[in-house]
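Student: Here you go, one structure.
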Amino acid sequence: MDHSLRCFGAILLPKTHRNNNFLFSIFSSSLLLFISISFFTFSSEAAFDLATIPFNDGYSSLFGDSNVVRSDDGNGVSLLLDRFTGSGFISSNMYKYGFFSANIKLPSNYTAGICVAFYTSNGDVFEKTHDELDFEFLGNLAGKPWRFQTNLYGNGSTHRGREERYRLWFDPTKEYHRYSILWTTKNVVFYIDEVPIREVLRSAEMGADYPSKPMSLYATIWDASNWATSGGRYKVNYKYAPFVAEFKDLVLKGCSVDPIQESTAAGRSICSDQHADLEAQDYAAVTPRRRLAMRKFRQRYMYYSYCYDTLRYPNPLPECDIIPSEKERFKETGRLKFGGSHRRQSRRKGRTTTPVEDADDQGDM
Numbered sequence: 204m205d206h207s208l209r210c211f212g213a214i215l216l217p218k219t220h221r222n223n224n225f226l227f228s229i230f231s232s233s234l235l236l237f238i239s240i241s242f243f244t245f246s247s248e249a250a251f252d253l254a255t256i257p258f259n260d261g262y263s264s265l266f267g268d269s270n271v272v273r274s275d276d277g278n279g280v281s282l283l284l285d286r287f288t289g290s291g292f293i294s295s296n297m298y299k300y301g302f303f304s305a306n307i308k309l310p311s312n313y314t315a316g317i318c319v320a321f322y323t324s325n326g327d328v329f330e331k332t333h334d335e336l337d338f339e340f341l342g343n344l345a346g347k348p349w350r351f352q353t354n355l356y357g358n359g360s361t362h363r364g365r366e367e368r369y370r371l372w373f374d375p376t377k378e379y380h381r382y383s384i385l386w387t388t389k390n391v392v393f394y395i396d397e398v399p400i401r402e403v404l405r406s407a408e409m410g411a412d413y414p415s416k417p418m419s420l421y422a423t424i425w426d427a428s429n430w431a432t433s434g435g436r437y438k439v440n441y442k443y444a445p446f447v448a449e450f451k452d453l454v455l456k457g458c459s460v461d462p463i464q465e466s467t468a469a470g471r472s473i474c475s476d477q478h479a480d481l482e483a484q485d486y487a488a489v490t491p492r493r494r495l496a497m498r499k500f501r502q503r504y505m506y507y508s509y510c511y512d513t514l515r516y517p518n519p520l521p522e523c524d525i526i527p528s529e530k531e532r533f534k535e536t537g538r539l540k541f542g543g544s545h546r547r548q549s550r551r552k553g554r555t556t557t558p559v560e561d562a563d564d565q566g567d568m
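To get the numbering used here, take the position in the sequence shown, counting from 1, and add 203.
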């Protein structure tokens with residue numbers, strides 16, 4: 204229905220119709236709330252038992268020092284983007300496998316063109332063979348659902364991007380939510396709160412495409428006007444600056460290693476006990492209950508998957524588990540709706556990846 208007609212309907216329609224419209228609106232809102240509550244009720248488990256660290260104990264500024272604002276209690280930090288610079292922070296150490304987590308609140312109001320990233324990488328050490336695990340939050344128009352993507356690279360496989368894109372089922376600007384990356388010798392799991400949203404299992408067929416070298420943790424906010432929102436259709440509007448992303452309750456659990464020493468037998472033995480401890484943690488187990496919650500999330504909120512994008516990959520990459528019902532929904536493009544395209548640019552100047560034909564990020568699902 205035309206939005207203008209819908210807005211004026213309450214004035215033009217008879218009173219009984221107005222009441223019906225009002226009741227329908229209440230019913231629709233209640234149904235949406237019920238669906239959201241049902242999702243959380245089914246999938247919720249006890250919060251992870253996590254040991255957080257003060258910002259200065261594990262991190263330092265990466266760029267835009269004046270826009271990296273530490274909290275008064277020392278347990279968090281705000282990253283700002285203004286018309287002069289974005290900002291970011293980096294972990295003080297590199298880790299060989301680990302659990303990386305933060306409570307994050309995203310910028311509010313008009314945030315088109317902004318990218319907030321929470322990710323692990325070793326690109327500064329292994330420029331041509333780097334590994335990377337990403338959460339990337341793609342700016343939105345006010346009132347529209349936030350979209351985000353996860354990605355995985357191994358051994359410099361940037362021409363084999365493993366993007367998946369999703370909607371969030373809540374407003375990430377209203378309160379903090381926990382975003383976590385679990386990376387073990389066996390699998391990679393992306394979590395939102397206690398809900399796993401994606402798992403990549405290591406296999407012999409993946410070979411070096413599975414991330415296996417020490418990585419640092421990064422968080423950044425930057426101007427991605429050329430691709431982040433609806434394929435670059437909507438740009439950053441600095442009238443709304445500064446844009447602020449807030450991080451707190453930071454977690455770094457893993458084996459801290461020097462990339463050079465790690466390649467030695469002594470370096471590998473140092474980490475063996477810590478790897479075992481990591482894999483024994485509650486969040487390392489994707490229980491049947493969590494797996495069912497993950498399947499529900501992916502059915503309801505995932506709108507692009509590289510595994511079904513046969514235009515990019517005529518033969519699915521080896522880790523892909525092709526589900527016939529999903530394949531039918533996503534067709535050959537890997538996405539639910541047709542739209543523009545973007546070329547994702549790295550936070551490190553100069554690297555680009557294969558273009559992904561993208562759905563209209565601001566469209567209704």
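Just so it is clear, CB atoms sit at the ideal spot from N, CA and C, and this is done for glycine as well.
Go to GLN352, then tell me how far its beta strand (DSSP E) extends in each direction, as first and last residue.
Tutor: Here the beta strand (DSSP E) through GLN352 covers 350-356.
Student: In this structure, does DSSP put PHE338 in helix, strand or coil?
Tutor: If DSSP states are grouped into helix, strand and coil, PHE338 belongs with the strands.
Student: What number of angstroms, rounded off, separates the C-alpha of HIS380 from the C-alpha of LEU453?
Tutor: Roughly 12 Å separates the two Cα atoms.
Student: Counting C-beta neighbours from all protein chains within 10 Å, is the total for LYS299 16 or more, i.e. buried, or is it exposed?
Tutor: Buried.
Student: In whole angstroms, give me the CA-to-CA distance for ILE240 and PHE351.
Tutor: In this predicted model, ILE240 has a pLDDT of only 47, less than 50, meaning its place in the structure is not dependable; the value taken from the coordinates is given anyway. Near 21 Å, if we compare the C-alpha coordinates of PHE351 and ILE240.
Student: Residues in the same chain with beta-carbon distance under 6 Å from THR332, minus the five sequence neighbours each way, listed in chain order, please.
Tutor: Excluding positions up to five away in sequence, the list reads ASN358, GLY359.
Student: Residues in its own chain within less than 8 Å of GLU408 by CB, not counting five upstream and five downstream?
Tutor: Only PRO521, GLU522 meet the Cβ criterion.
Student: Under DSSP, the beta strand (DSSP E) around MET297 begins and ends at which residues?
Tutor: That run of the beta strand (DSSP E) goes 297-308.
Student: Count the other C-beta atoms from every protein chain shown that fall within 10 angstroms of the C-beta of PHE446, then say buried if there are 16 or more, exposed otherwise.
Tutor: That one is buried.
Student: With distances taken Cα to Cα, identify the nearest neighbour of ASP334 among TYR322, LEU344, ALA345.
Tutor: It is TYR322.
Student: Within its chain, find whatever has a CB closer than 6 Å to the CB of ARG501; leave out the 5 residues flanking it on each side and keep chain order.
Tutor: Excluding residues within five positions, none has a Cβ falling inside 6 Å.
Student: For LYS308, which residues of its own chain have a beta-carbon under 6 Å away from its beta-carbon, when the five flanking residues on both sides are left out?
Tutor: The residues are TYR379, GLU449.
Student: Report whether the distance from the Cβ of GLU482 to the nearest heavy atom of the ligand NAP is below 8 Å.
Tutor: The model depicted lacks the ligand NAP and carries no ligand whatsoever.
Student: Ignore the nearest five residues each way along the sequence and tell me which others in PHE225's own chain have a CB closer than 7 Å to its CB.
Tutor: Because PHE225 sits at a pLDDT of 47, beneath the cut-off of 50, its placement in the model cannot be relied upon, and the following sentence gives the value as read from the coordinates. Cβ within range, chain order: n/a, list empty.
Student: With a threshold of 7 Å on Cβ separation, who are the neighbours of LEU371 within its own chain once the five nearest residues in sequence on each side are excluded?
Tutor: Around LEU371: PRO348, TRP349, PHE351.
Student: Could you say if the region 416-434 and the region 527-539 meet the contact criterion of at least three C-beta pairs nearer than 8 Å?
Tutor: With a cut-off of 8 Å, the region 527-539 and the region 416-434 do not count as touching, because too few Cβ pairs lie within range.
Student: Check this for me: beta carbons of LEU344 and TYR313, under 9 Å apart or not?
Tutor: In contact: LEU344 and TYR313 (Cβ atoms closer than 9 Å).
Student: Spatial neighbours of VAL418 within its chain, please: C-beta separation below 7 Å, excluding the five flanking residues on both sides.
Tutor: Sequence check: residue 418 is Met here, not Val. The answer, listed in chain order, is MET297, TYR298, THR323, SER324, ASN325, ASP334.
Student: When the Cα atoms are used, what is the spatial distance from ASN429 to ALA315?
Tutor: Rounded to the nearest angstrom, the two C-alpha atoms are 11 Å apart.
Student: Rounding to the nearest angstrom, what Cα-Cα distance links PHE393 and ILE526 in this structure?
Tutor: Between PHE393 and ILE526, the C-alpha separation is close to 20 Å.
Student: Identify whether CYS523 lies in helix, strand or coil by the three-state DSSP scheme.
Tutor: CYS523: coil per DSSP, three-state reduction.
Student: Quick one: is ILE395 buried, meaning 16 or more other Cβ sit within 10 Å of its Cβ, or exposed?
Tutor: The residue is buried, with at least 16 neighbouring Cβ atoms inside 10 Å.
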